[in-house]
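**Q** Before I ask anything, here is the structure I am working with.
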Amino acid sequence: MATYVNQYRVDAAFAETIETVTDALAEEGFGVLADIDIQAAFETKLDEDFDRYRILGACNPALASDALDAEYELGALLPCNVVVYEDEAGVGINVVDPATLFSLTDSDGLEVIVDDVASGLDAAMHAVPEATPVSQTDA
1 MATYVNQYRV
11 DAAFAETIET
21 VTDALAEEGF
31 GVLADIDIQA
41 AFETKLDEDF
51 DRYRILGACN
61 PALASDALDA
71 EYELGALLPC
81 NVVVYEDEAG
91 VGINVVDPAT
101 LFSLTDSDGL
111 EVIVDDVASG
121 LDAAMHAVPE
131 ATPVSQTDA
């Protein structure tokens with residue numbers, strides 16, 4: 001199991017889950033700045049079949065501003081990715097663990113910001129109906 005994401009399974013349709021996750025993120029102040037459809041990209045560029053797999057680039061502008069004020073280069077680690085996918089077991093969600101991601105930095109001033117980002121992402125996932133945690137990081 002990946003130690004850098006929090007994993008959930010969802011008892012809902014893929015398209016419905018994309019919408020629900022996007023709405024839940026918005027309620028916590030996160031906008032989706034990017035929506036990357038990996039299945040479509042692989043089909044178009046590689047002529048390869050792949051599971052439904054969307055990467056949502058989630059960003060809370062106020063927290064991102066604070067983080068960039070603390071460490072300007074941090075932009076290379078933004079936004080926080082939330083993946084919604086469908087495999088043989090159904091629909092799943094993987095959410096990057098901000099503490100693990102931002103542990104790559106040297107800045108001591110990020111702890112509160114990281115905690116706020118993690119709390120917001122966690123609250124958003126708990127607002128997704130039928131989302132059941134599968135694996136959570138300890139960071």
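Okay, so the sequence shown: first residue is 1 according to this note's numbering, each after it adds one.
In this text, a Cβ means the ideal position worked out from N, Cα and C, and glycines have one as well.
So, are the CB atoms of Asn6 and Asp87 less than 9 Å apart?
**A** In the sequence shown, residue 6 corresponds to position 6, counting from 1. In the sequence shown, residue 87 corresponds to position 87, counting from 1. Taking 9 Å as the cut-off, the beta carbon of Asn6 is found no closer than this to the beta carbon of Asp87.
**Q** So, are the CB atoms of Ile113 and Asp66 less than 9 Å apart?
**A** Numbered from its first residue, the sequence shown carries residue 113 at position 113. Numbered from its first residue, the sequence shown carries residue 66 at position 66. Yes.
**Q** When the Cα atoms are used, what is the spatial distance from Asp106 to Ala76?
**A** Translated into positions along the sequence shown, residue 106 becomes position 106. Translated into positions along the sequence shown, residue 76 becomes position 76. Each residue's Cα considered, the two are about 14 Å apart.
**Q** With distances taken from CA atoms, which of Ala99, Pro79, Val95, Leu110 is nearest Val128?
**A** The residue you call residue 128 lines up with position 128 of the sequence shown. The candidate whose alpha carbon is nearest that of Val128 is Val95.
**Q** Ignoring anything shorter than 4 residues, give me the alpha helix (DSSP H) runs that lie fully in the segment 40–117, in order along the chain.
**A** As far as the segment 40–117 is concerned, its whole alpha helix (DSSP H) runs of at least 4 residues are 61–70, 98–102.
**Q** Does the Cβ of Val95 lie closer than 8 Å to at least one heavy atom of the ligand MN?
**A** As far as ligands go, the structure on display features none, and thus does not contain the ligand MN.
**Q** If you follow the beta strand (DSSP E) that Asp23 is part of, which residue opens it and which one closes it?
**A** Within the sequence shown, the letter at position 23 stands for residue 23. Element bounds for Asp23: not the beta strand (DSSP E) but the alpha helix (DSSP H), 14–27.
**Q** Starting from Thr132, follow the beta strand (DSSP E) in both directions and report where the run begins and ends.
**A** Walking along the sequence shown from the start, residue 132 turns up at place 132. Thr132 -> beta strand (DSSP E) spans 131–135.
**Q** Between the alpha carbons of Glu111 and Val10, how many angstroms are there, rounded?
**A** Here residue 111 refers to the residue found at position 111 of the sequence shown. Here residue 10 refers to the residue found at position 10 of the sequence shown. Roughly 30 Å separates the two Cα atoms.
**Q** Can you tell me which residues form a DSSP beta bridge with Asp32?
**A** Counted from its first residue, the sequence shown places residue 32 at position 32. Correcting the residue identity first, residue 32 is Val in this sequence and not Asp. Note: Val32 sits in a beta bridge opposite Ala58.
**Q** Relative to the C-alpha of Asp49, which residue among Ala40, Gly57, Leu56, Glu71 is closest?
**A** Locating residue 49 in the sequence shown gives position 49, counting from the first residue. Per the Cα distances, Ala40.
**Q** Using only the alpha-carbon positions, how far apart do Tyr72 and Ala124 sit?
**A** Taking the sequence shown and counting its residues from 1, one reaches residue 72 at position 72. Taking the sequence shown and counting its residues from 1, one reaches residue 124 at position 124. Going from the Cα of Tyr72 to the Cα of Ala124 covers about 27 Å.
**Q** Would you decide whether Gly92 is buried or exposed? Buried here means 16 or more other CB atoms lie within 10 Å of its CB.
**A** Here residue 92 is taken as the residue at index 92 of the sequence shown, counted from 1. Buried, since its Cβ has 16 or more Cβ neighbours within 10 Å.
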